[in-house]
Amino acid sequence: ERFFRPLVSALHDRGTKVLVEGIENATRLRVALDGGVDLLQGYHLARPVLAGTVFDEEPLPIDRLLGMDNNVVPLFG
Numbered sequence: 134e135r136f137f138r139p140l141v142s143a144l145h146d147r148g149t150k151v152l153v154e155g156i157e158n159a160t161r162l163r164v165a166l167d168g169g170v171d172l173l174q175g176y177h178l179a180r181p182v183l184a185g186t187v188f189d190e191e192p193l194p195i196d197r198l199l200g201m202d203n204n205v206v207p208l209f210g
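Residue numbers for the sequence shown follow the working numbering, beginning at 134 and rising by one.
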């Protein structure tokens, strides 16, 4: 993580868009977002689909992706 943000910044300085693949959990998503990347890809965001497949283009709430909307329900009161 220590080297990630400066690397992204250096690429942005060169006019490059930064894509991060392998976003498979909320922690990786947070690191990528904190690093200032432009594009994200991974199972945590969406499963792969076949070319030509119709899919929902509605944006997903970031709180849901980061796990911030998870409610804890006590099983024993």
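Ideal Cβ placement from N, Cα and C applies to all residues, glycine included.
Problem - Contact under 8 angstroms by Cβ, G155 with G175 - result: yes
Exercise for the section: May I ask which residues mark the beginning and end of the alpha helix (DSSP H) holding G148? Expected result: Premise fails: G148 is in no alpha helix (DSSP H) and is neither H nor E.
Practice task
Go through its chain and collect everything with a Cβ distance to E134's Cβ below 6 angstroms, but skip five positions before and after it.
Solution key: V164
Handout entry: Per-residue DSSP class, three states only, for V141
Key = helix
Handout entry: Integer-rounded CB distance, given that H177 should sit under 8 angstroms from N158
Key = 6 angstroms
Handout entry: Alpha-carbon to alpha-carbon, T149 and L193
Key = 25 angstroms
Practice task
Could you work out which residue in V141, P181, T160 and L152 is closest to I195 when comparing CA atoms only?
Solution key: T160
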